[in-house]
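Numbering (my numbering), first residue to last: 1 to 569.
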C-alpha cells in the first residue's frame with residue numbers, strides 16, 4: 001500500500017470513532033463541522049482526488065483491500081466534500097462520474113476478490129457505500145446480504161471471545177485458590193459475568209470515570225462527611241461506583257463507604273449474590289448493610305402490590321441507613337442509557353413534560369436524596385472501567401418479559417431500525433431540554449408557590465389560592481413536589497386534583513375579600529380525599545392541610561364494638 005493510500009485511510013478512520021462519526025462521516029448538513037471537513041479534505045486531498053479522476057491511481061484497485069478501499073473513499077466520500085456546492089452544474093456532473101467510477105471498482109475488484117469480508121467494520125461500511133449511492137434492488141439486496149453475513153460472523157467471534165475471557169479468568173481464579181461455593185451449591189462462576197482480578201492501577205487517576213467521580217465528590221462536599229453510601233446490587237454500574245468511592249475516599253477526607261444491598265429473594269441465586277457482595281465489601285473495608293425482602297414475592301404477589309411494597313421497603317431502608325450514619329446522599333450507578341430508557345418510559349406513561357429524564361445528578365425520590373455521578377456516560381465506558389481494573393459484576397438478570405427487558409430487547413432495536421442510531425442522542429437531548437424547562441418553570445412559577453408551603457410533624461399545608469389561575473400542569477407539579485420531596489409519598493392522581501379544583505371553584509370571593517359560599521359545607525371548610533388512606537382538609541380561606549399518614553394510622557385505636565368512655569383517666 002502506498003503512503004498516499006495510508007494517509008487517506010488514516011485521515012478517515014483514525015481517532016475517536018464517536019468524534020469522527022460526528023465531524024467527518026455524518027456531520028449535520030450545513031454545520032460548522034461539515035464546512036471544516038470540506039475545507040480540510042479539499043486542501044489535503046484535492047490534488048490526489050484529481051489524480052484518481054484522471055485514472056492515475058487505478059493500480060490501487062489490485063494492490064490489496066486497504067489500497068482498494070482508499071481509492072473508493074477518494075471517489076465516493078472525499079469528492080462529496082470537495083464538490084459540496086450542488087448549485088454548480090460542473091460539480092454535479094463530476095460527482096456522477098466519480099460515483100460511477102467508485103461503483104465499478106467495488107463491483108469489479110472489491111466484491112469478486114471478497115476483500116470486504118475481512119475488512120474492519122468501519123472500512124466495510126464505506127467500501128460498500130457506492131452500492132447505496134447508485135441503488136438498485138439487486139445492489140441493495142447484495143448489501144443487506146453482506147451485512148447479515150458480517151453480523152453473524154461478529155456474533156460468532158463475540159461469543160468465542162467472551163468464552164475465552166471467562167475461561168481465562170476462571171483459570172486465573174483457580175491458580176489463586178478457585179472460586180468459592182456457597183452452602184446452596186451455587187458457585188461464583190454461576191453468578192458472575194466478570195470475576196474479580198487484581199490489576200495495575202497506576203494509571204487510574206487519568207481515567208475519565210475516576211476524574212468525574214472526583215469532581216462529583218468535591219461538588220457534593222464529601223470531605224465534610226464521615227460516611228457516604230452506595231446502593232449496591234452487584235451489577236456492573238453499582239460495583240464501579242462503589243469501587244470509585246473506595247479509591248477516592250482518602251482524597252476526600254477518608255469517608256467510610258456504606259454499601260446497601262437489597263436481597264429480593266426472587267431467584268435461587270440471590271442469596272449467593274448477597275454473600276458475594278458482602279465478601280467483596282469486607283475485602284475493601286466497606287460497611288455492608290443488607291435488607292432481605294420477604295414481605296412480597298414477584299411470583300406470588302400482584303404486580304402493582306409487589307412494585308409498591310418493594311419500593312417502600314427499598315427507600316425506607318435507604319432512609320434508615322442514611323439517618324444512622326448521617327449520610328447526605330445515596331449513590332446510584334445510573335448512566336446515560338438509563339436516562340434514554342427513562343425518557344421513552346416516561347413519555348409512554350404520560351408523566352410530566354418537566355421530568356422526562358426522571359433522573360438528575362442529584363434529586364429527591366420518596367424523601368431520599370439520590371446521587372447519580374455517572375449520568376453523562378454510556379454503559380460501554382463503565383464496562384471498560386470494570387474490565388480494566390478487575391471489578392467483578394453479576395450476570396444481567398433483567399427478565400426479558402419485564403417492561404425494562406422488552407424495552408431493551410425489542411423496542412429500542414425497533415426504534416433504532418426505524419430512526420437510525422442517532423435517535424438515542426435525540427432522546428438524551430430531549431431529556432436535557434426537559435430538565436432546562438423544569439429549571440425555568442421552577443424558578444419563575446413554582447418557587448413562589450412552594451415558598452408558601454408549610455409543614456410540621458403533623459401535616460403539610462398549601463395555599464391553593466396561589467394556584468387558582470394556574471394551568472393544571474402547575475397543580476400537578478406543585479403536588480408532585482409536596483408528595484415526593486416533602487412528604488415522601490406517591491403522587492396524587494389527576495381525578496382527585498380535579499375534584500379539589502371544583503371545590504375551590506365553589507368559593508366566590510366577596511366584595512371585601514371575605515368568602516361568599518355557594519354550599520353550606522364550604523362555610524367552615526371540608527374534608528378532601530386526595531388518595532386512599534390520606535386525610536386532607538380544605539379551609540374556607542383555601543388552605544389545604546394534608547395530614548401525614550402517621551397522624552391517622554390505618555390501624556384502629558380500639559377494637560371494634562369496644563365502648564370508649566370519655567372523661568376517664
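All C-beta atoms, glycine included, are put in the ideal place defined by N, C-alpha and C.
Cross-strand partners of residue i (DSSP beta bridge)
| i | result |
| --- | --- |
| residue 483 | Paired residues: none, contrary to the question. |
| residue 246 | None; residue 246 has no bridge partner. |
| residue 59 | Bridge partners of residue 59: none, in fact. |
| residue 538 | 526, 544 |
| residue 256 | 227 |
| residue 261 | 290 |
| residue 371 | 331, 362 |
Backbone secondary structure at residue i - three-state DSSP
| i | result |
| --- | --- |
| residue 330 | strand |
| residue 393 | strand |
| residue 543 | strand |
| residue 290 | strand |
| residue 193 | strand |
| residue 187 | strand |
| residue 88 | coil |
| residue 71 | helix |
| residue 492 | coil |
| residue 459 | strand |
| residue 401 | coil |
| residue 285 | coil |
| residue 454 | strand |
| residue 10 | helix |
| residue 335 | coil |
| residue 345 | helix |
| residue 416 | helix |
| residue 3 | helix |
| residue 239 | helix |
| residue 517 | Interpretation of residue 517 is limited by its pLDDT of 48, a score under 50 that renders its predicted location unreliable; the figure taken from the coordinates is listed afterwards. Note: residue 517 maps to strand in three-state DSSP. |
| residue 532 | coil |
| residue 124 | helix |
Among the options, nearest to residue i - alpha-carbon criterion
| i | options | result |
| --- | --- | --- |
| residue 570 | 484, 463, 487, 488 | In this structure the chain extends from 1 to 569, so residue 570 is not present and cannot be described. |
| residue 328 | 116, 228, 108 | 228 |
| residue 127 | 291, 252, 70, 254 | 70 |
| residue 290 | 273, 64, 302, 132 | 273 |
| residue 297 | 549, 495, 254, 270 | 270 |
| residue 233 | 430, 393, 323 | 393 |
| residue 241 | 72, 107, 259 | 259 |
| residue 191 | 100, 395, 496, 334 | 395 |
| residue 288 | 261, 302, 305 | 261 |
| residue 209 | 367, 152, 378 | 378 |
For residue j and residue i, the rounded distance between their alpha carbons
| i | j | result |
| --- | --- | --- |
| residue 498 | residue 504 | 10 Å |
| residue 24 | residue 3 | 21 Å |
| residue 27 | residue 9 | 18 Å |
| residue 256 | residue 286 | 7 Å |
| residue 213 | residue 250 | 13 Å |
| residue 546 | residue 265 | 36 Å |
| residue 356 | residue 471 | 19 Å |
| residue 438 | residue 432 | 10 Å |
| residue 14 | residue 74 | 16 Å |
| residue 179 | residue 406 | Confidence in residue 179 is poor, its pLDDT being 48 and thus under 50, which makes the residue's placement too unreliable to answer from. |
| residue 513 | residue 541 | Residue confidence for residue 513 is low, a pLDDT of 49 falling below 50, so the modelled location carries little weight; the figure read from the coordinates is stated next. Approximately 10 Å, taken between the alpha carbons. |
| residue 538 | residue 342 | 35 Å |
| residue 360 | residue 332 | 11 Å |
| residue 49 | residue 78 | 8 Å |
| residue 488 | residue 252 | 30 Å |
Residue environment, residue i, which counts as buried when at least 16 other CB atoms sit within 10 Å
| i | result |
| --- | --- |
| residue 84 | buried |
| residue 196 | buried |
| residue 399 | exposed |
| residue 385 | buried |
| residue 88 | exposed |
| residue 157 | exposed |
| residue 60 | buried |
| residue 419 | exposed |
| residue 454 | exposed |
| residue 188 | buried |
| residue 67 | buried |
| residue 245 | buried |
| residue 323 | exposed |
| residue 35 | exposed |
| residue 373 | buried |
| residue 330 | buried |
| residue 17 | exposed |
| residue 571 | Past the edges of the chain, shown from 1 to 569, lies residue 571, and the structure says nothing about it. |
CB contact check: residue i to chain D, cutoff 8 Å
| i | result |
| --- | --- |
| residue 392 | No chain D appears in the structure shown, which is made up of a single protein chain. |
Residue i Cβ short of 7 Å to the ligand SAH heavy atom set
| i | result |
| --- | --- |
| residue 390 | Among the components of this structure there are no ligands whatsoever, and the ligand SAH is therefore not found. |
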